[in-house]
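In my numbering, the protein residues as written are 6 to 373.
Idealized CB from N, CA, C, for every residue including glycine.
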Amino acid sequence: MPLLYAGGHTAPETSVYRKLPEGLPWREALLSTLRARPGGQGYKFSCASPGHPDENPSATLTFKLAPDNRGDMALVYCHVCKGNQPTLAAHDLVPSDLFEYSKAADEPETSKPIERYHVYTDEEGRPAHRVKRNAGKTFQQSRWDQSSERWHSGLGGCKTYLYRLPSILTAVKNGQVIFVVEGEKDVETLERFDLSATCNPMGADAWRPEYSQYLAGAEVVVIADNDDPGRRHAKKVASSLLGTAKSVRVVTSLPGAKEGGDVTDYLLKNGGTIEELRRLAEEQSPFGDRDLATQETIASKSPQSWTFALSDFLDLDFPEARFLVEGVLPEGVTLLGGRAKAGKTYLLFGLSVALACDLEPFSENWDG
């Protein structure tokens with residue numbers, strides 16, 4: 006069942022898109038075509054209905070889970086016309102445009118994974134970067150170039166944002182609880198249950214401190230995937246939000262979750278409910294300084310804390326090297342590299358004996 010998205014790159018020939026922007030996925034194409042604005046929640050938007058020159062948009066655009074559970078559907082409703090036909094017709098859209106996935110009548114069912122695009126926007130809803138989820142759970146990042154109005158492979162140093170940022174900013178302003186999860190799929194799952202959710206791009210361990218500003222003053226619930234990387238990521242996010250968000254709670258274990266399971270599995274496969282999820286979040290103690298101290302202790306012992314950028318490395322002021330064997334063996338920790346069976350072990354044995362016996366390595370008196 007191929008993904009329908011603007012531009013028709015993977016859509017079947019029976020697609021009926023007409024005025025959707027080139028290069029944008031289905032959801033973002035609808036939002037752009039209808040000039041929709043966030044309505045306070047990640048799944049609901051407001052838009053003007055042509056023919057009604059009212060200052061307040063008279064139509065709503067709501068995203069819901071499609072009846073067959075394969076992707077989303079969009080509900081467009083004009084509160085003046087009491088329907089959607091005038092709004093759709095004005096934008097040259099037809100009812101099939103309101104479904105994320107579409108299948109030609111003669112197309113056989115397939116069990117192959119569906120390709121998905123997740124577009125990240127800036128605060129104003131302008132495309133910034135996106136992630137493409139391929140079959141087999143592989144991912145590709147790309148960035149939007151406004152001048153050429155095209156997507157380019159890789160992020161190329163572009164500024165990155167939180168997923169569903171405009172809706173999240175509105176939700177924070179309205180005092181709603183914000184759920185932070187690990188991936189875009191989980192964000193969209195929670196939106197279907199009328200929750201405001203977000204995530205950072207590139208998954209676990211990719212949270213950046215600058216993302217925290219968007220959640221300033223918010224009540225935040227961080228939900229971890231059920232594995233060690235997921236729990237580390239959740240605590241990293243919570244640590245970053247401490248002192249910026251109004252409150253932070255971390256859910257590190259979901260009932261019935263398998264190894265690597267997430268909140269989507271919990272809600273759609275394991276029989277979990279939103280009421281149970283809310284209760285579970287409320288039962289967690291607020292993340293505080295004690296949790297942060299524990300997290301910093303763990304991080305100080307983690308190999309990940311030993312990594313840094315090459316530019317930072319080159320800026321370090323190293324003292325002049327002192328050698329045990331001039332030009333060969335410096336003091337301190339040394340790495341000796343070479344092919345297998347090249348004699349590394351015997352060389353070290355010889356150097357060690359020479360130094361212990363006060364002999365000069367590689368001299369005529371050194372037997373090795």
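Three-state class that DSSP yields for residue i in the structure shown
i	result
residue 353	helix
residue 329	strand
residue 122	strand
residue 88	strand
residue 69	strand
residue 358	helix
residue 202	strand
residue 209	coil
residue 94	helix
residue 43	strand
residue 368	coil
residue 334	strand
Spatial distance of residue i from residue j (CA atoms)
i	j	result
residue 285	residue 93	41 Å
residue 33	residue 169	11 Å
residue 188	residue 126	16 Å
residue 261	residue 351	55 Å
residue 279	residue 160	35 Å
residue 258	residue 325	50 Å
residue 108	residue 81	Note that residue 108 scores a pLDDT of 46, beneath 50, so its modelled location is shaky; the value from the coordinates is reported in the next line. Roughly 21 Å separates the two Cα atoms.
residue 202	residue 195	6 Å
residue 77	residue 121	12 Å
residue 336	residue 347	23 Å
residue 292	residue 319	37 Å
residue 354	residue 216	52 Å
residue 68	residue 100	14 Å
residue 180	residue 338	54 Å
residue 275	residue 157	39 Å
residue 306	residue 210	With a pLDDT of 47 at residue 306, under the threshold of 50, the modelled position of that residue is not reliable, and no figure is offered here.
residue 163	residue 358	55 Å
residue 172	residue 327	58 Å
residue 2	residue 129	The chain is shown only over 6 to 373; residue 2 falls outside these bounds and no answer can be derived.
residue 248	residue 283	23 Å
residue 184	residue 345	51 Å
residue 360	residue 316	36 Å
residue 304	residue 228	Note on residue 304: pLDDT 49, under 50, position unreliable in the model; the coordinate value appears next. Rounded to whole angstroms, residue 304 to residue 228 spans 20 Å at the Cα level.
residue 175	residue 218	14 Å
residue 205	residue 277	24 Å
residue 251	residue 287	14 Å
Enclosing beta strand (DSSP E) for residue i [first to last residue]
i	result
residue 31	Segment 31-38 is the alpha helix (DSSP H) holding residue 31; no beta strand (DSSP E) there.
residue 49	49-52
residue 256	252-256
residue 137	132-139
residue 99	Careful: residue 99 lies outside any beta strand (DSSP E) and carries neither H nor E.
residue 271	First-last for residue 271: 268-273, but that is the alpha helix (DSSP H), not the beta strand (DSSP E).
residue 226	224-228
residue 83	77-83
residue 104	From DSSP, residue 104 is part of no beta strand (DSSP E); its letter is neither H nor E.
residue 185	183-185
residue 145	143-150
residue 155	155-158
For residue i, the nearest candidate out of the options (CA to CA)
i	options	result
residue 281	291, 293, 268 and 292	268
residue 143	80, 163, 103 and 207	207
residue 272	327, 200 and 221	200
residue 135	36, 129 and 147	147
residue 241	163, 263, 213 and 222	213
residue 84	100, 52, 68 and 78	52
residue 155	277, 133, 172 and 162	133
residue 239	186, 193 and 215	186
residue 235	248, 264 and 224	264
residue 245	221, 157 and 266	221
residue 63	37, 365 and 91	91
residue 66	86, 97, 95 and 103	103
residue 87	97, 99 and 54	54
residue 233	158, 266, 249 and 248	266
residue 150	131, 140, 49 and 229	131
residue 49	197, 227 and 229	197
residue 231	225, 250 and 270	270
residue 332	362, 343 and 366	366
residue 226	31, 289, 277 and 349	289
residue 79	31, 165 and 205	31
residue 330	89, 137, 36 and 363	363
CB-CB length for residue i against residue j, believed under 8 Å
i	j	result
residue 243	residue 253	5 Å
residue 356	residue 334	6 Å
residue 223	residue 192	Contact doesn't hold; Cβ gap of about 15 Å is too wide.
residue 38	residue 123	Contact flag wrong, Cβ pair sits at about 19 Å.
Limits of the unbroken alpha helix (DSSP H) element including residue i
i	result
residue 238	233-246
residue 284	279-288
residue 176	170-178
residue 195	189-197
Heavy atom of the ligand NAP within 6 Å of residue i beta-carbon
i	result
residue 151	The ligand NAP is absent from the structure shown, which contains no ligand whatsoever.
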